[in-house]
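Each step along the sequence shown adds one to the number in the UniProt record's numbering, with nothing skipped, and position 220 is 220. Structure first, then comments.
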Amino acid sequence: MTSVASSGSEAPGELTCTICLDAFCYPCTLSCGHSFCLTCVEGAWYATKSFSCPQCRVTFPQRPQLNKSVTLANLLEQRNATDELATVVLCDFCNDGTTAASNTCLKCDMSYCATHVKPHQENSKLSSHILVDPATNPEERKCKKHRKKIKFYCQQDESLVCTTCIIAGDHKGHDVATLEDEHNTREKQVGEETRAVEEKKREAEESIKRMEAAHRDVQGSMTGVRQRINGEFTRMRAALDEDEKTTLARAAKKERELLTQIEKNIAHYQHEIGELQAAAAHLEGLAQERDSLAFLQGSMTEVRQRINGEFARMRAALDEDEKAALARASKKEQELLTQIEENIAHYQCEIGELQAVATRLEDLVQERDSLAFLQWHMEEMHRTGRVRTAQPSAPSQEDIASLKVLETTTVKFMYGRSPTLDTNSAHNQLQISSDLRTMTAVHASQGCPDHPHRFDGRAQALCCERFSSGHHYWEVDVGDVRWCRVGVAYGTIPRKGDRAAQQLGGSDSSWCLEKYYDNLSVFHGGVKTALSVRGALSPRRIGLHLHWEGGLLAFYRADSMEVIHEGRQRFLQPLYPGMWVGCCNEPLKIVDLSRAS
1 MTSVASSGSE APGELTCTIC LDAFCYPCTL SCGHSFCLTC VEGAWYATKS FSCPQCRVTF
61 PQRPQLNKSV TLANLLEQRN ATDELATVVL CDFCNDGTTA ASNTCLKCDM SYCATHVKPH
121 QENSKLSSHI LVDPATNPEE RKCKKHRKKI KFYCQQDESL VCTTCIIAGD HKGHDVATLE
181 DEHNTREKQV GEETRAVEEK KREAEESIKR MEAAHRDVQG SMTGVRQRIN GEFTRMRAAL
241 DEDEKTTLAR AAKKERELLT QIEKNIAHYQ HEIGELQAAA AHLEGLAQER DSLAFLQGSM
301 TEVRQRINGE FARMRAALDE DEKAALARAS KKEQELLTQI EENIAHYQCE IGELQAVATR
361 LEDLVQERDS LAFLQWHMEE MHRTGRVRTA QPSAPSQEDI ASLKVLETTT VKFMYGRSPT
421 LDTNSAHNQL QISSDLRTMT AVHASQGCPD HPHRFDGRAQ ALCCERFSSG HHYWEVDVGD
481 VRWCRVGVAY GTIPRKGDRA AQQLGGSDSS WCLEKYYDNL SVFHGGVKTA LSVRGALSPR
541 RIGLHLHWEG GLLAFYRADS MEVIHEGRQR FLQPLYPGMW VGCCNEPLKI VDLSRAS
């Protein structure tokens, strides 16, 4: 390969090392007259463990002094300086010094003009030779360290190397391949990667088509869905408004009846008081009689008769009042039971209709969960002030208690939730069930990896669900657990360090109800408030009602919906349901209200 000012990148014989077959790099001449690259001859001596000429095999008794051959070095510098000035690659077969090359053969390492390159283009035996554009800068194909032609690829260091690099250089003993072999290997890899990219591109295009079709389907179907939703909610709002008016009217009527009865009783007892005052005046007149015999004979019989008569009449009146009161109480009880049954039947009917709507919507938008949709629209109506719990006013405690049960039962029905435990928050000695609703403390560590949310000081866990608005009700089956706590906590509750602050109710970031055998207490900020237990035993199932905006956290006996405790405070952060258990092998279970009877 020649240029305008040089005879080729392959050096003439006197400038070529017979070991690496390339131009000298730091040439040195032995006493026998043969010249080699300094690194080549040192590598040969190291390999043979002797000092001899690699060309004529003359042996030297001791290591010769290797000095730079100034003459050869000057010749190389002159040639390299001339090569650097070259701008046109010349044909290596033309001797006129002016014919430019049209191609360079990488295998022959020769450049050819249009005439001399024809054998490479026409001879089938030369078809494996690779022709490229003429190389105008031969230095680019040389090793930067040894200034020799790059012929190999080091697979270990993933770099291009010359012969000296693998004989005596940094890549000695490494796995190497020729440039052609490595090129073929890489070409196959590129082909495989290209096919993989094309396949992924095709899959992505198909996915886009499916998504676009789904987008069009959803847009087309959602118009009908919105109309059905608007119609259902309009009908439900009208029905609820009518129920509200009817219930308020019944409550007003009952209030008037009770007030009328109370006014009659007041008038009756005022009449009784008048008669008793007259009797007292008569007795006072007798007391002033001075004749003892006359007083005793003339007055005592009359007094006894009057007193007996008055008390007999009063007993008869009281008996009549007792019968009337019992009759009214029985009638009122029946009315309340009938009202409760009507309300239950009404809401069961509403649920049936809503489930039918949810089924129709699910057919159109399968991503919408029917239970979540039912809970969502009930919460939405409550948020806009459309759902109100009817509470007819009545003066009797029995009425109030019955209506309270109705109210709390409605809360359970409308806002029931079934939270699931967050395994990343569970203490390492808690076993969590597969449905994520039951936790049991055990003595052995469960080997869970450390996590920023995991409690390290208490057998406690929070749920995945977070509540930052609306009403929410859930139940925990405490069964025969002797010691436990159930409640809610901010996400900022301490998880590490202070064990007391980690426990539910142990800091300002959590609230809870504690069951300790048959004793009940509430905790917040580390402060305990003992509660009186109604009935012989503590509850086996505890219901929790949270109204975030209203600041309400209430605990119930879930079997009778009797209120255990109600507390009000201002919530500032989202709340997570949580549980703590104080005894091993005693499971706490969150009730699945979607399946509970």
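Every residue gets a Cβ at the ideal spot worked out from N, C-alpha and C, and that includes glycine.
For residue 548, the three-state secondary structure derived from DSSP is coil.
Two segments are said to touch when three or more pairs of C-beta atoms, one from each, lie closer than 8 Å; by this definition the segment 560-570 does not touch the segment 457-465.
Linking residue 97 to residue 104 through their CA atoms gives a straight-line distance of about 17 Å. DSSP places residue 499 in the uninterrupted alpha helix (DSSP H) bounded by 499-502.
Straight-line spacing of the CA atoms in residue 411 and residue 573 works out to 23 Å. Collapsing the DSSP output to three states places residue 317 in a helix.
Remark: fewer than three beta-carbon pairs, one from each stretch, lie closer than 8 Å, so the segment 483-491 and the segment 436-446 are not flagged as touching.
In this chain, the beta strand (DSSP E) harbouring residue 431 covers 430-432. If you compare the alpha carbons of 150, 494, 114 with that of residue 89, the shortest gap goes to 114.
Boundaries of the alpha helix (DSSP H) around residue 121: 118-122. Counting the other CB atoms within 10 Å of its CB gives residue 110 a total of 16 or more, which places it among the buried residues. If you draw a 10 Å sphere on the C-beta of residue 588, you find 16 or more other C-beta atoms in it, and that means buried.
When DSSP reads this structure, residue 557 sits in a beta bridge with 542, 562. Its chain contains 26, 27, 28, 38 as the residues whose beta carbon lies nearer than 8 Å to that of residue 68, once the 5 sequence neighbours on both sides are disregarded; these appear in chain order. Here residue 115 carries a coil assignment [DSSP, helix/strand/coil].
Secondary structure of residue 493 (DSSP, three-state): coil. Residue burial is scored here from C-beta neighbours: residue 164 has at least 16 other C-beta atoms within 10 angstroms and is therefore classed as buried. One Cα belongs to residue 134, the other to residue 35, and the distance between them is close to 31 Å. DSSP places residue 94 outside any beta strand (DSSP E), giving it a letter other than H or E.
In chain order, 116 place their CB closer than 6 Å to the CB of residue 93, counting only its own chain and leaving out the 5 sequence neighbours on each side. Judged by DSSP in its simplified three-state form, residue 420 adopts coil rather than helix or strand. Contact between residue 475 and residue 593 holds: CB atoms are separated by about 7 Å, below the 8 Å threshold.
DSSP, read as helix, strand or coil, puts residue 251 in helix. Burial check for residue 59: the Cβ neighbour count within 10 Å stays below 16, so the residue is exposed. Positions of the alpha helix (DSSP H) runs, each at least 4 residues long and wholly inside the UniProt domain "B box-type" (138-179), are given as 163-167 in order along the chain. For residue 533, there is no enclosing beta strand (DSSP E), as DSSP gives it neither H nor E. Its Cα nearest to that of residue 419, the residue 545 stands out among 24, 545, 132, 15.
Cα atoms of residue 22 and residue 148: separation of roughly 6 Å, rounded to the nearest angstrom. In chain order, 431, 587 place their CB closer than 6 Å to the CB of residue 440, counting only its own chain and leaving out the 5 sequence neighbours on each side.
Between residue 247 and residue 223, the alpha-carbon positions lie close to 36 Å from each other.
Take the alpha-carbon of residue 561 and the one of residue 265: they are about 35 Å apart.
For residue 516, the enclosing beta strand (DSSP E) covers residues 510-516. Secondary structure of residue 241 (DSSP, three-state): helix. According to DSSP, residue 463 shares a beta bridge with 421.
Residue 271 and residue 538 have their C-alpha atoms some 49 Å from each other.
In the DSSP assignment, residue 39 falls within the alpha helix (DSSP H) that extends over 38-48.
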